[in-house]
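Quick note: the sequence shown uses the UniProt record's numbering, first residue 1, plus one each step.
The beta-carbon is built from N, C-alpha and C at its ideal position, and this holds for glycine as well.
A short worksheet on the structure shown next.
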Amino acid sequence: VDRDDPEGISLVLVPVTVVVSRGWWSSCKTLPSPLAMGGDQYDDEWVLPSADITLVLVGKLGCGKSATGNSILGREAFESEHSHASVTSTCQMGSTTLKDGRTINVIDTPGLFDVNVSSEDAGKEIVKCMNMAKDGIHAVLMVFSAVHRFSREDESTIESIKAFFGEKIVDHMILVFTYGDIIGESKLKKMRNNAPEPLKKVVELCQDRVVLFNNMTSDRRLQAQQLDKLLDLVDSVSANNGGKPFSDQMFTRIKEVHDRENKMHIGYSDEQISELKKEIHRTRDEQLAHITSMVRTIIFKNLFQILSLT
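Next comes the structure, spelled out in structure tokens:
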């Protein structure tokens, strides 16, 4: 190509932007060639997607979160009912690298807002989860059992997440229904058509981002298909949010403390390091107290609503 010929260069650049905007790069902003558009510089907001994706599994106890996490990772990273082990009692994270080079971090959580979990324990697990996902969450996978009726407890889980993180968290939500080995896609569609109004509202709230997972299958083709469908939804969520993961003030503050702890040994005396440790400890105690208070209020509200309907 003649470098002095802008038209020639634009013809080369246009196909490149088309390739970049497809497949696993779909989370980046699609941008025409500036030369083809008659400009001379790129949009400042254009950013390549991160090589890492962080997914958080949320749902009530026993809904299949851990088994779903294992299906995503392609190995038994988390203890689950399907593996005849105890269900998750604390936040855990597993990672895998996809063929396209991206790294997926999957965080498995216990029933964070379950009325049977103390607010103190739930608060600690939320802080742990936020530490694991210190750079933000790309998608929250709300996991529900497809063989059990959508309950008030299921509904309250979503309301709790919204109450804690704010309404914007919904823009990052994907609904995952488990027990695909029992119902299949056709039955899921029928179930959605005949679903109770609360479930229909949840599906609408998440803009129909729904995927069915069969966590029992050994069929590699089916495993790949359901993972591809989930990743397509994750890429869609990322694209809709400008390629940025979900984060808020709590994430920012926790990340700041984490960064300060990592850097406190650089250029400080032993006495200064001792004082910094005390300050970080106080800050973490304050963060935990604040989060625990929020969780306690949410759990109390959930319990009141559940009891009022019985």
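Where residue i sits in the DSSP three-state scheme
i      : result
Val237 : helix
Gln272 : helix
Ser160 : helix
Gly166 : coil
Phe246 : strand
Thr97  : strand
Ala67  : helix
Pro34  : Note on Pro34: pLDDT 36, under 50, position unreliable in the model; no value is reported.
Asp135 : coil
Glu279 : helix
Ser293 : helix
Phe300 : helix
Rounded separation between residue i and residue j - CA only
i      : j      : result
Asn116 : Ser89  : 12 Å
Leu55  : Gln223 : 18 Å
Glu79  : Tyr268 : 42 Å
Met294 : Phe300 : 10 Å
Lys244 : Asn214 : 29 Å
Arg221 : Arg75  : 15 Å
Val19  : Asp228 : Unreliable placement is indicated for Val19, whose pLDDT of 36 sits below 50; the coordinate value is still reported in the next sentence. In a straight line, the C-alpha of Val19 is about 19 Å away from that of Asp228.
Ile158 : Ile273 : 41 Å
Leu35  : Val237 : Residue placement at Leu35 is flagged as unreliable, the pLDDT there being 35, under the threshold of 50; the coordinate-derived value follows with that caveat. In a straight line, the C-alpha of Leu35 is about 29 Å away from that of Val237.
Met191 : Asp135 : 36 Å
Phe113 : Lys277 : 31 Å
Phe150 : Ala133 : 28 Å
Trp24  : Asn131 : For Trp24, the predicted structure reports a pLDDT of 37, less than 50, and the residue's modelled location is therefore unreliable. A value from the coordinates is still provided. Spanning the two alpha carbons is a distance of roughly 26 Å.
Gly64  : Phe165 : 23 Å
Met216 : Arg282 : 46 Å
Leu188 : Ser145 : 11 Å
Tyr179 : Arg209 : 18 Å
Lys128 : Ile291 : 12 Å
Val12  : Arg284 : Unreliable placement is indicated for Val12, whose pLDDT of 41 sits below 50; the coordinate value is still reported in the next sentence. The alpha-carbon atoms of Val12 and Arg284 are separated by roughly 52 Å.
Residue of the options minimising C-alpha distance to residue i
i      : options                           : result
Val203 : Leu175, Asn241 and Leu230         : Leu175
Ser247 : Ser160, Asp171 and Ser71          : Asp171
Lys201 : Asp154, Gln226 and Val237         : Asp154
Asp108 : Gly123, Ala67 and Asp135          : Ala67
Ile169 : Glu275, Glu271, Asn240 and Thr283 : Asn240
Ile104 : Ser71, Val127, Glu125 and Ser118  : Ser71
Gly94  : Val234, Ile53, Pro198 and Leu288  : Ile53
Glu286 : Phe164, Gly123, Gly64 and Pro110  : Gly123
Ile298 : Gly101, Leu288, Ser160 and Asp235 : Ser160
Ala97  : Tyr179, Glu125, Arg260 and Leu73  : In the sequence under discussion, the amino acid at residue 97 is Thr, which differs from the Ala named in the question. The shortest Cα separation from Thr97 among Tyr179, Glu125, Arg260 and Leu73 belongs to Leu73.
Ala195 : Asp181, Val58 and Val147          : Val147
Ala139 : Ile182, Phe177, Leu231 and Asp181 : Leu231
Arg253 : Glu275, Ile266 and Ile280         : Ile280
Delimiting residues of the alpha helix (DSSP H) encompassing residue i
i      : result
Asn193 : Gly180 to Asn193
Cys129 : Ser119 to Met132
Pro198 : Glu197 to Leu205
Strand pairing of residue i, partner residues [DSSP]
i      : result
Asp108 : Leu57 and Gln92
Val210 : Leu175
Asp52  : Thr103
Extent of the continuous beta strand (DSSP E) to which residue i belongs
i      : result
Val143 : Ala139 to Ser145
Short CB-CB distance (under 8 Å) between residue i and chain D
i      : result
Thr157 : Given the protein chain composition of this structure (a single chain), no chain D is represented.
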